[in-house]
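Student:
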Amino acid sequence: MRIGYGWDSHEFKDNLPLKIGGVQIPFSKGLSGHSDGDVLLHALTDALLGAVAAGDIGRYFPPSDPQWKGADSTIFVQEALKQVHRAGYAVANVDSTVILAEPKLGPHSVKIQARMAKLLGIRASQVGIKAKTPEGMGTDHAAIAHVVVLLAPRPAKPRRLRKATWATERST
Ligand code: MG
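Position 69 of the sequence shown, counting from 1, maps to 68 under numbering that gives the first Met the number 0, and the rest follow consecutively.
Here it is, written out as C-alpha cells:
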C-alpha cells in the first residue's frame with residue numbers, strides 16, 4: 000500500500016469561471032491561476048504523484064510553460080494517474096477537504112464526487128468530498144484543498160494461453 004497527500008490554494012478573482020473537482024460551479028468569482036485554477040484537482044494530482052514518489056505537479060506542468068495557460072486541470076490528473084499505473088498501483092480510495100467561505104459546495108458535492116471518480120476510473124463510493132468554511136483563518140479570499148489517496152498494488156492481468164501452447168496440447 001502507498002499513501003499520498005496533496006495541498007493547494009488559489010485566490011478568488013472577479014469574473015472568472017469557478018471550477019472545483021472538474022465541475023463548473025455558478026458563482027460571481029473564480030479561482031485565478033496559470034491553469035483553470037482547479038484547486039481540488041491540483042491537490043489530487045500532487046497526492047497521486049506523492050504516493051509513488053514521482054515529484055509534484057510543477058515538475059510535469061511548470062507554470063512558466065505557456066502551453067499550460069488556462070489548461071483544463073483534468074490533464075494534470077490524467078498524467079499523475081499514468082505515473083501511478085506505471086509504478087504498478089491502482090487507486091483504492093481518495094478523501095478530500097475543500098476550505099472556502101463561499102459558494103456552498105454541498106449542492107455540488109455529488110457531481111464533484113462522480114466527476115473525480117470517473118477521472119480516476121473508480122466508483123463514487125471511493126471518493127470522499129468534504130467542505131469547510133475558514134472559521135477564524137482569514138482566508139475568505141481563497142480556496143484551499145487537501146487530498147489524501149491510498150494506492151493498492153494493481154492486480155496482475157490474467158495470463159492467456161498462446162496458440163502454440165494449444166497446438167502442442169491438442170496434438171498429445
Ligand atoms: Mg494550483
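The C-beta atom is built at its ideal place from N, Cα and C for all residues, glycine as well.
Could you tell me how far apart the beta carbons of Ala151 and Tyr59 are, in whole angstroms, since I believe they sit closer than 8 Å?
Tutor: The Cβ separation is near 23 Å, so there is no contact.
Student: In terms of DSSP beta bridges, what is Trp6 paired with?
Tutor: His145
Student: Could you tell me the alpha carbon to alpha carbon distance between Asp45 and Pro157, rounded to whole angstroms?
Tutor: Roughly 31 Å between the two C-alpha positions.
Student: Taking the alpha-carbon of Gln125 as reference, which of Gly137, Ala116, Ala86 and Gly3 has the nearest alpha-carbon?
Tutor: Ala116
Student: Three or more C-beta pairs closer than 8 Å, one from the segment 22 to 33 and one from the segment 118 to 137: is that the case here?
Tutor: no
Student: By DSSP, does Gly29 sit in helix, in strand, or in coil?
Tutor: In the displayed model, Gly29 falls within a strand according to three-state DSSP.
Student: Using DSSP with H/G/I as helix, E/B as strand and the rest coil, what is Arg58?
Tutor: helix
Student: Look at the Cβ atom of His107, then the Cβ atom of Val38, and state whether they are nearer than 8 Å.
Tutor: One thing to note: His107 has its Cβ no nearer than 8 Å to the Cβ of Val38.
Student: Around the Cβ of Asp7, are there at least 16 other Cβ atoms within 10 angstroms (buried) or fewer (exposed)?
Tutor: Looking at its Cβ environment, which holds 16 or more other Cβ atoms inside 10 Å, Asp7 is buried.
Student: How about Leu119 and Leu149: do their beta carbons lie closer than 8 Å?
Tutor: no
Student: Let's test the definition: count the other Cβ atoms within 10 Å of the Cβ of His140 and tell me whether it reaches 16, buried, or not, exposed.
Tutor: exposed
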